[in-house]
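A short worksheet on the structure shown next.
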Amino acid sequence: MNKKRLNILQVVGITHRGGSGASAAFLSKKLYERGHNVICVCNRNSFGFELLTSIGVPTVTSVVMSNKFKPNIKFFKQYINDVLTIKDLIEKNDIDILHTHCSPEYWIGALARALVRKKPAFIRTRHIPVPVKKNLLNTYLFNSTDRVIAVSSIIRENYFDKNGYDKKKIETIYDGVDCKRFHPQVDGKVVRKEFNIKDDEILIGNIARLDTIKGHNFFLQSIGEVVREAHNVKVIIAGWRDKKFKDEDMDKLKRIIMDMGIEDKIIFTGFKDNIENILAAIDIFVLSSVGSEGSSRATLEAIAMAKPCVATKVGILPELIEEGKSGFLVPSREPHLMAEAILKLIRNPDRAREFGNCAYKRFLENFTNEIMVEKTLMLYYKVLREKET
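Residues in the sequence shown are numbered from 454 upward in steps of one, following the working numbering.
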């Protein structure tokens, strides 16, 4: 098959700004910039809608893609409308590739595809490391899919909660980061000035939404240990607050800060658009997650900025960080071990710099947006060739 221009329908039900939602949006953007005909079905309140409409990618926002089943007439009417809308988009735009990104639209896409005569190649990306329940319906859905893209090897190896599935059907394609935006030459002085960080102070950064799964409580406990030895440390915690993160959860973090006596060390920034400047300002990147981390965009962005990393052995993180080469990996929920790893980097700045350089080299070889898009396109064409034979 010649590398023809493809008609691609991306269906993205994610509304939050980070992680999988950002990955799907950037993929759509890059495919469009390469000259392919891309239509994105997304939520009007999503990052994807904001990004893609700004560059002229056609978007459709009438598909709700609810992730909560409700046994009432209103739900079923909307669900049928969602399926028929996707069906019409496939038929009217002669879609070659139907690519879905989360479970609600995966089912909607499968049903819509079943209703059309000329069936597009059906791709699904799995962004989270939680295994899928292996039952009859999910097995049928998997078998009706041409390929599943796993954004990490751990997802590929644990796609179902029980063994006995065709792993050849699953391709590992890591998420990518824009190396024109995230690179070691970005200026961090503006952030240090904004938050009154002195040049001789070591700035530790934790870039993650406020959510219990991100383990901020353990991170703060580790900082309490770090500052007993390293007094010239400041900490910046940047990320939007998840709606599941209640006031009492925030109060727990504040109590830890007070109990540790580190009130003057911690800066909460909330959501920030200039994450690249924040990463440029920090000396050490720390991620304290206790679960999930299917793709870990924050870690990818940190290594794109040549930052030494300390992270937990969760999800994709052991695939992104080479222990003892580009950073340190510690068990989750172990603040003492996290503190020891951070202190190793503080005590040995030359080693920290070496870790950062190693991380950056590995990023350029494996995790750029261009690599991600190229591998995805190669998969699209491969599946289309298989369908022709």
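Just so you know, even glycine gets a beta-carbon here, dropped at the ideal spot from N, CA and C.
Taking each of M518, P524, I550, I608 in turn and checking the Cα distance to S481, the smallest one comes out for I550. With fewer than 16 neighbouring CB atoms inside 10 Å of its own CB, M711 falls in the exposed class. Looking at the DSSP output, E776 bridges to G780. A direct Cα-to-Cα measurement between A574 and Y612 gives close to 20 Å.
Per the DSSP secondary-structure output, E486 pairs with nothing in a beta bridge.
Annotation: the continuous alpha helix (DSSP H) that includes C811 extends over 802 to 819. Counted as a single uninterrupted DSSP element, the stretch harbouring N498 is not any alpha helix (DSSP H), since DSSP gives it neither H nor E. The alpha-carbon separation between D631 and A567 amounts to approximately 36 Å. With respect to I655, I715 sits apart: the two C-beta atoms are not nearer than 9 Å. E654: not part of any beta strand (DSSP E); DSSP gives it neither H nor E. Nearest C-alpha to A764 among S748, S742, T512, D803: S742.
Assignment of alpha helix (DSSP H) within the segment 576 to 636, counting only whole runs of 4 or more residues, yields 589 to 596, 606 to 610 in chain order. Taken in chain order, the complete alpha helix (DSSP H) segments of 4 or more residues contained in the segment 500 to 557 are 500 to 508, 526 to 545.
Note that the C-beta distance between G677 and I626 is not below 9 Å. A residue is called buried once 16 or more other Cβ atoms fall within 10 Å of its Cβ, and G668 is buried on that count. The continuous beta strand (DSSP E) containing Q463 extends over residues 460 to 464. Going by beta carbons, V494 and L462 fall inside the 9 Å limit. Remark: three or more beta-carbon pairs, one from each stretch, lie closer than 8 Å, so the segment 510 to 523 and the segment 477 to 491 are flagged as touching. The C-alpha of M713 is placed about 10 Å away from the C-alpha of K707. By the Cβ neighbour-count rule, E624 is buried, with 16 or more other Cβ atoms within 10 Å of its own.
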